[in-house]
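**Student:**
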Amino acid sequence: MKIIDIIESKPITLSFEVFPPKTEDRYESVAQAIAALSFLSPDYMSVTYGAGGGTSKNTVRIATDIEKLHHTTALAHLTCLSSTKQDIRSILGELSDNGIHNILALRGDQPSPDSGAPVPHDYRYAVELVGDIRAFGDFCIGAACHPEGHPDRVDREEEIIHLREKVDRGVDFLVTQFFFDNGKFYEFVDRVRGAGIKVPLIVGVMPVSSAKSLQRMIAISGTSVTPRMQALLDRWGDDPDSMEQAGILHASEQILDLVSNGFGGIHIYTMNKPRIAGAIKDNIGFLLG
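Counted the way the numbering used here counts, the sequence shown spans residues -10 to 278.
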């Protein structure tokens, strides 16, 4: 099923992001986590794509498992910066052959200079990938957006222009980077809608379970920490169990505010932790009907 059809048929959707294993010996543990997450009956599940395309084979494999073993709609991430056009055509063909009809089109990260691998120059921006996916076949296409600004861009208005270009090339829906300040997200929505971008916005929510992992993610994404989140980190950051519970509560309350303000597409960055995703779903179950 196409994700745009799921979104348009339900006022509130709950979906999960998972990541594939980096090595074959970890595949089984990741597969078990994904089975447990699928048991929570999400509307769909997205599967990330490793930096430099390093986990691309397992992205297709996990997405196929989600569709065929767990009978859940899969959204496969696809990055282009380290790929040739032939690489992309090959992966699109593999996704299509395995019944994967939904793709989140991303630029991706620069490959590590230490890898020694040659870097193709077929793609510079995600909008180019969107155009090639749309030309290839009948995929439902999502793209990323950054309520607090893309870490590689300074000009916020230019960023909105590029977002509009992606939509004009064929993007069906947008998924946000995680954030903690809903007020900044609502301001972002006003700018997006003011630019004539009307596609659905899916909101990415990150349950914080570790102060150390949050610091890493903030360094990469540029997401700001609200005073409330900082207070949680200061109080519970050295107590993993309490931090996990505080993160679950914070994410649940953030979702309640989002849904109350009319944003019903909720996408949880699960970090492959079914226990956390399940606790959040229990907390917000009354919203889901």
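Every residue gets a Cβ at the ideal spot worked out from N, C-alpha and C, and that includes glycine. All of these numbers come straight from a predicted model, not from anything done at the bench.
#1: Kindly list the residues whose CB is nearer than 7 Å to the CB of LYS155, restricted to its own chain and excluding five residues on each side of it in sequence; keep chain order.
#2: Measure the beta-carbon distance from GLY236 to VAL197 and round it to whole angstroms, keeping in mind my assumption that it falls under 8 Å.
#3: My output table needs one value for TYR114: the three-state DSSP class, helix, strand or coil.
#4: Is the separation between the beta-carbon of TYR38 and that of CYS69 shorter than 7 Å?
#5: With the cut-off set at 7 Å, would you say GLY88 and GLU56 are in Cβ contact?
#6: Near TRP225, which residues of its chain fall below 6 Å by C-beta distance, leaving aside the five closest residues on each side in sequence?
#7: Would you report the Cα separation of LEU190 and GLU17, rounded to the nearest angstrom?
#8: Drop a sphere of 10 angstroms on the beta-carbon of ALA208, count the other beta-carbons inside from all chains shown, and report buried for 16 or more, exposed for fewer.
#9: Is it buried or exposed for LEU84, if we count other Cβ within 10 angstroms and need 16 for buried?
#10: Contact check, ASN91 vs LYS187 under 8 Å by CB: the rounded distance?
#11: Note down, in chain order, each residue of its chain lying with its Cβ closer than 7 Å to the Cβ of THR259, except the 5 sequence neighbours on either side.
#12: Between which two residues does the alpha helix (DSSP H) harbouring GLU154 extend?
#13: Do you know how far the Cα of PRO9 is from the Cα of GLY42?
#14: How many angstroms separate the CA atom of HIS66 from the CA atom of ILE1?
#15: Restricting to Cα atoms, I'd like to know which of GLY278, HIS59 and GLU146 is closest to PHE28.
#16: Return the chain-ordered list of same chain residues with a C-beta closer than 8 Å to the C-beta of ARG158, the five sequence neighbours on each side being excluded.
#17: With 16 as the cutoff for other CB atoms within 10 Å, does LYS201 come out buried or exposed?
**Tutor:** Considering the structure as presented:
#1: Translated into the one-based positions of the sequence shown, residue 155 becomes position 166. Hits under 7 Å: ALA115, VAL116, VAL119 and ALA132.
#2: Numbered from its first residue, the sequence shown carries residue 236 at position 247. Numbered from its first residue, the sequence shown carries residue 197 at position 208. Contact flag correct, Cβ pair sits at about 4 Å.
#3: Looking up residue 114 in the sequence shown gives position 125. Note: TYR114 maps to coil in three-state DSSP.
#4: Position 49 of the sequence shown, counted from the first residue, corresponds to residue 38. Position 80 of the sequence shown, counted from the first residue, corresponds to residue 69. No, they are not a contact pair.
#5: Position 99 of the sequence shown, counting from 1, holds the residue named residue 88. Position 67 of the sequence shown, counting from 1, holds the residue named residue 56. In this structure, GLU56 lies closer than 7 Å to GLY88 by Cβ.
#6: Taking the first residue of the sequence shown as 1, we reach residue 225 at position 236. Only SER231, MET232 and ALA235 meet the Cβ criterion.
#7: In the sequence shown, residue 190 corresponds to position 201, counting from 1. In the sequence shown, residue 17 corresponds to position 28, counting from 1. Their backbone Cα atoms lie some 33 Å apart in a straight line.
#8: If you number the sequence shown from 1, residue 208 lands on position 219. It counts as exposed.
#9: Counted from its first residue, the sequence shown places residue 84 at position 95. Label assigned to LEU84: buried.
#10: Position 102 of the sequence shown, counted from the first residue, corresponds to residue 91. Position 198 of the sequence shown, counted from the first residue, corresponds to residue 187. In fact, because the Cβ distance is near 20 Å, the residues do not count as touching under 8 Å.
#11: Residue numbering aside, residue 259 sits at position 270 when the sequence shown is read from its first letter. Closer than 7 Å at the Cβ level, and outside the excluded window around THR259, lie PHE5, GLU6, VAL7, LEU26, ILE265 and ALA266.
#12: The residue given as residue 154 occupies position 165 in the sequence shown. Where GLU154 is concerned, the enclosing alpha helix (DSSP H) stretches over 145 to 158.
#13: Your numbering for residue 42 matches position 53 in the sequence shown. Your numbering for residue 9 matches position 20 in the sequence shown. Its pLDDT being 49, under 50, GLY42 is placed unreliably in this model, and the value from its coordinates should be taken loosely. Those two C-alpha atoms are separated by around 12 Å.
#14: In the sequence shown, residue 66 corresponds to position 77, counting from 1. In the sequence shown, residue 1 corresponds to position 12, counting from 1. Roughly 22 Å separates the two Cα atoms.
#15: To locate residue 28, count along the sequence shown from 1; it is residue 39. Checked all of GLY278, HIS59 and GLU146; the closest Cα to PHE28 is HIS59.
#16: If you number the sequence shown from 1, residue 158 lands on position 169. Correct list, in chain order: VAL116, VAL119, GLY120 and ARG123.
#17: In the sequence shown, the residue the question calls residue 201 occupies position 212. So LYS201 ends up on the exposed side.
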